[in-house]
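In the working numbering, the protein residues as written are 278 to 570.
Even for Gly, the Cβ is constructed at its ideal location relative to N, Cα and C.
Note that the structure is a prediction, hence the values are computed from the model and not measured.
Remarks on the structure that follows.
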Amino acid sequence: MTDLTKPVSAPAATPGMTPRSNPPAVPGRFALVGDSWVIARRSLKHIRRQPEMLTDATIQPIMFVLLFAYVFGGAISVPQGGSYKEFLLGGIFAQTVVFGCFGIAIGLTTDRSTGAIDRFRTLPIARSAVLTGRAMAAVLIGLLPIILMSLAGLVVGWRIHTGVLDALGGYALMVLFQFAMTWVGILMGSLLSTPQAVQGVAFTGIFPITFLASTFVPVDTLPGVLRTFAEWNPVTSLSGALRAQFGNPDVVAGSSDAWPLQHPVLYTVIWAVAIIAITAPLAVRAFNRVTSD
278 MTDLTKPVSA PAATPGMTPR SNPPAVPGRF ALVGDSWVIA RRSLKHIRRQ PEMLTDATIQ
338 PIMFVLLFAY VFGGAISVPQ GGSYKEFLLG GIFAQTVVFG CFGIAIGLTT DRSTGAIDRF
398 RTLPIARSAV LTGRAMAAVL IGLLPIILMS LAGLVVGWRI HTGVLDALGG YALMVLFQFA
458 MTWVGILMGS LLSTPQAVQG VAFTGIFPIT FLASTFVPVD TLPGVLRTFA EWNPVTSLSG
518 ALRAQFGNPD VVAGSSDAWP LQHPVLYTVI WAVAIIAITA PLAVRAFNRV TSD
C-alpha cells in the first residue's frame, strides 16, 4: 500500500532535456478596470453608509435654486424678457459641476490621513486603480445632484425647449466637465493634507470664480475688468452652453464680441480637454510622490 503521508518526489529530468518552469502569472487584460471598480464601489458604499457626505452635492444646489428663484429672481432682469428661473438653472448646473472637485479632494485627503491609502498599497491591485476608481466613483456620484437639480428646476418652472439630442448634449457636456473637475479634485487631494485645507481652497479660490461669471446674473451687468474676466471664464461658457442646449434665455449674442460668448459649447469643450490634459498627469505625479515610501 502506498504511504500517502510520504512526500512525493518530483520525477527525474530526462537526460538532454531542461527542466520546465511554471510561467509567471500575467494580469488579465481588464485587471485595471476590475481593480478600479473595487475602489469605486468602496467609495459608493461609504456614501450609502454616510449619506451626510452628499449634503453639499444635494441640499446646497436645491437651496440655491429656491433662494435665487424666489428671493432674488424678481430683482434680476434677463435679456429679451426671458424667464429668470430658466436662466438660473444653467448657472446652477455649472456651479455644481465645478464644486464636484471638492468631494473627491476631501475623500482623498481623508483616506490619506486615516491610512486607507497605505492599506490599498498592500493589496494585489494596480497602483493606478486607486485614482481611477476614485474618478469613476466621483462621476457616478456627480450624476445625483444633476438629477436632483433637474427635478427641482421642473418644480420651480424650468423647462427644456429643445429636442432630445440637444438636451442629451447638454447633460453630456456636464459629465465631461465634471470628469475634468474630478482630476482637479484629485490634484487638490494629493497636494493638500487635510479636508480643512481643501475647504479653505474652496472658499478662497474656486468659490469666487463661480460667482464672477454668468451663473446668476448676465455678464453685461458687471463693471469693467470683472466683465472681461467673466466673459472668458469657463464657468460662464459652461452656463451659456447649457442654456443653449436646453433652449433657455442667455446673454444676447450681439451684446458682446467675446469669442467664448459666441461659441460657448466649443469653448467649454476646449477648457474641459485642457484641464484633463494638464491636471491628470500632475495629479498622478503628485499622488505617487506623497504615497511613495
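May I ask you to report which of helix, strand or coil DSSP gives ARG436? coil
Counting pairs of Cβ atoms below 8 Å between the stretch 334-347 and the stretch 404-422, do you hit three or more? yes
Our contact map puts GLY466 next to ILE381 with C-beta atoms below 8 Å; I'd like the distance itself, whole angstroms only. 6 Å
How many Å lie between ALA474 and PRO541 at the Cα? 33 Å
CB of ALA551 within 7 Å of CB of GLU508, strictly: no
Take GLY524 and list the residues in its own chain whose beta-carbon comes closer than 6 Å to its own, dropping the five residues that flank it on each side. HIS438, THR439
Between ASP497 and ALA317, what straight-line distance do the alpha-carbon atoms span, to the nearest angstrom? 42 Å
What does the alpha-carbon distance come out to for the pair LEU538 and GLY384? 35 Å
Less than 8 Å between C-beta atoms, sequence neighbours within five positions excluded: which residues of the same chain meet that for LEU469? ALA382, THR386, VAL475, VAL478
Please return the same chain residues whose Cβ sits closer than 7 Å to the Cβ of ALA444, not counting the five positions on each side in sequence. ILE437, GLN522, PHE523
Alpha helix (DSSP H) segments (min. 4 residues) lying fully within the stretch 365-403: 393-398
GLY350 and TYR361 look like a contact to me (Cβ under 8 Å); what is the Cβ gap, rounded to whole Å? 5 Å
If you run the structure through DSSP and keep just helix, strand and coil, what is ALA551? helix
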